[in-house]
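A quick write-up on the structure given underneath.
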Amino acid sequence: MPVVACPTCAKKVEWTEANKYRPFCSERCKQIDLGAWAEEKYTIPAAAPADPLDDPLADE
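To get my numbering, take the position in the sequence shown, counting from 1, and add 1012.
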C-alpha cells in the first residue's frame, strides 16, 4: 500500500479505500484545505483575459 503525506499537515497516511479522507489524514485537515480554497488562498494560473479596448481591429 502506498504511503503519502497529508497535504495539510504532512502526516504519513496510507492511500487506501479505507481512508475516506484521502489524500488527507483526517476530516480536520480536509476542512482546513477546503477553507483555504474558499478564502482563495490557492489559485490556478491563467492568462489574463484580452481587453477589447486594446484591439486596434475592433473599430473596423
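Glycine included, every Cβ here is placed at the ideal spot set by N, Cα and C.
By DSSP's assignment, Ala1017 forms a beta bridge with Lys1024. Taking the C-beta atoms as reference points, Lys1023 is found nearer than 7 Å to Cys1037. Within its own chain, the residues whose Cβ lies closer than 7 Å to the Cβ of Thr1028, once the five positions on either side in sequence are excluded, are Met1013, listed in chain order.
Rounded to the nearest whole angstrom, the CA to CA distance from Ile1056 to Trp1049 is 11 Å.
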